[in-house]
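The sequence shown begins at 166 in my numbering and counts up one residue at a time. Report on one structure; see the data block that follows.
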Amino acid sequence: MNDLIIDIVSKNYNVSISKILKLAGGFRNLCFEVSTGSKRYVFIIYKRESKIRQVIENSHFVAKLLDSYGFITRIPVLTCDKEEYKRVHTKEGYHYCALYDYLEGETIPWEAYTRRHLKSIGKTLSDMHYALRGISMTKSQFSNNNQISISNTQDVFQKLPKWQDLTEKEIEEMKTYFEKVEPWIIRKLKVGLNWKMILKVLDSVLRQSQPKAGPLTQAILHYDFVRGNILFSDKLDKKLDIYPIIGILDFEKVCVGPVIADIARTLAFLIIDCKYKKEATVRKRFLISGYNKRGKNSLSIKSINSPGMVHLLSFFWLRDFWKFLEHNPYEFLHMNEHYVRTRDKLLAYGLMGR
């Protein structure tokens, strides 16, 4: 693999690599830190799946757009032919790959969240929603900080997935899966599905395409703004009382939809991830102190405390529960602390019972 990477980078980017280090990547992507001795990059070989090329283009579009607004994102390095990615042949067949600038900063382990991290996550998500609100975009609205043109912006914007479409598809797949394996869930996991409550939650989620969340209700959503995709500085911003986010990664799940869906996605993850903090504390630090107080966008208190928010949180926990079951042997799930905490939250919110 190292020889392949050296060959690809040398031929397409005219970069001589002296060191390669395997990184923890996204789901099925292969990520490597590559170094020339004086400069570091990240090289990604993307998973083979349908529409992956469009996913890469969407990801690059949003990363460059945010970069033009002053956010620090992973920007593709152009090839010698001025392309943002290449299609290459490997032992497994053809893959798309790309070289990116290396971002400084660190992710944090799940036991290390502080109130300053939670406020920082809320602030940055709020600022992103404000910058990526659903407006008609033209070339004149972009700066060119990295000498990378953002062409045909309106066309690319229209090609971004719609949250409503993605959610409708996921709900159908989730229901089909649960109906198929429900006897094994009961037998092996010792829990039962409360279909009455589940269907109520799913119906509520499908009706939230136009939520009332203040003047800026629709935006391009990151939709995976969670710990592994966030790089923090270890230097405290004393004025804002936060550890600033100095790198945002992985825009593969970007879509256009209601900001409350993106907020709930991150909040649902944080509630499970923050094992040493109460749910009320996580909500306050992330939503009130971070998103509303320090960010440029805001979510009304009515929306924060609404049944719709509760249903969205329940939906994301149910979605994560589904993914746990799909990708892990049932017999070993009890050893996964994130699974256990997700299951317990679904029990507490009435979507499952014993």
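Glycine included, C-beta positions come from ideal geometry on N, C-alpha and C. Being a predicted model, the structure only gives us computed values, none of them experimental.
DSSP state of residue i mapped onto helix, strand, coil
i	result
Lys251	strand
Tyr259	strand
Leu381	Any reading at Leu381 must be qualified, since the residue scores a pLDDT of 49, below 50, and its modelled position is unreliable; the value itself is stated next. In the structure shown, Leu381 sits in coil (DSSP, three-state: anything other than H, G, I, E or B).
Asp246	coil
Ser200	strand
Asp406	coil
Thr238	strand
Pro423	strand
Met293	helix
Val207	strand
Arg522	In this structure the chain extends from 166 to 519, so residue 522 is not present and cannot be described.
Leu452	helix
Asp266	strand
Lys442	coil
Met166	coil
Leu231	helix
Lys327	strand
Glu335	helix
Lys488	helix
Leu435	helix
Lys340	helix
Ile182	coil
Pairwise C-alpha distance: residue j and residue i
i	j	result
Leu230	Ser224	10 Å
Ala445	Arg298	28 Å
Tyr265	Gly202	16 Å
Gly515	Phe322	38 Å
Arg213	Ile466	43 Å
Lys442	Glu276	10 Å
Ile240	Arg205	13 Å
Tyr456	Ile237	18 Å
Arg281	Leu478	23 Å
Ile173	Leu325	29 Å
Asp402	Ala384	27 Å
Lys288	Val447	14 Å
Arg193	Tyr342	22 Å
Ser181	Gly473	53 Å
Met500	Pro494	11 Å
Glu496	Trp360	24 Å
Lys365	His492	26 Å
Ser471	Arg459	22 Å
Tyr408	Ser369	35 Å
Asn167	Asp399	32 Å
Leu195	Arg352	36 Å
Ser463	Phe226	25 Å
Leu405	Glu257	49 Å
Leu354	Lys247	52 Å
Proximal residues to residue i (C-beta, below 8 Å), its chain only, five neighbours per side dropped
i	result
Glu502	Lys440
Trp328	Ser374, Leu386, Tyr388, Cys420, Val421, Gly422, Pro423 and Ala426
Ile217	Tyr211 and Tyr261
Asp438	Trp275, Tyr278, Val391, Arg392 and His503
Tyr259	Arg213, Arg252 and Val253
Val475	Tyr514
Supposed close pair residue i, residue j - CB separation, criterion 8 Å
i	j	result
Glu269	Gly412	7 Å
Tyr267	Val207	6 Å
Glu417	Val220	5 Å
Leu283	Thr431	10 Å between Cβ atoms; not a contact.
Met339	Arg519	Met339 to Arg519, Cβ: 21 Å. No contact.
Ile363	Val356	Between Val356 and Ile363 the Cβ distance is about 12 Å, and since that is not below 8 Å, they are no contact.
Thr255	Leu169	7 Å
Leu523	Glu333	Here the chain covers residues 166 to 519 and nothing more, so residue 523 does not appear.
Ile436	Ser285	Wrong, their Cβ atoms sit about 17 Å apart, outside the cutoff.
Cutoff 7 Å; reference residue i; Cβ partners in own chain excluding five residues on either side
i	result
Phe486	Thr507, Arg508 and Leu511
Glu347	Leu358
Lys461	Ser291, Asp292 and Tyr295
Tyr504	Phe489 and Leu498
Tyr178	Val242, Thr244, Cys245 and Leu264
Phe481	Ala429, Arg430 and Ala433
Tyr234	Ala296
Glu335	Arg484
Pro376	Only weak support is given to the placement of Pro376: the predicted model assigns it a pLDDT of 48, under 50, and the question is left unresolved by the model.
Ser183	Ser200, Thr201 and Gly202
Leu331	Cys420
Neighbour flag for residue i against chain D, beta carbons, 7 Å
i	result
Leu231	Among the chains of the structure shown, chain D does not appear; only one protein chain is present.
Cut-off 6 Å between Cβ atoms - residues of its own chain near residue i, not counting five sequence neighbours on either side
i	result
Leu186	Glu198
Cys262	Ile210, Lys251 and Val253
Phe434	Val391
Leu367	Ile336
Residue i beta carbon near the ligand NAP (any heavy atom closer than 6 Å)
i	result
Tyr259	Among the ligands in the structure shown, none appear at all, so the ligand NAP cannot be discussed.
Counting pairs of Cβ atoms below 8 Å between the region 226-240 and the region 444-452, do you hit three or more?
no
So does the region 389-406 actually touch the region 270-289, counting three or more Cβ pairs closer than 8 Å?
yes
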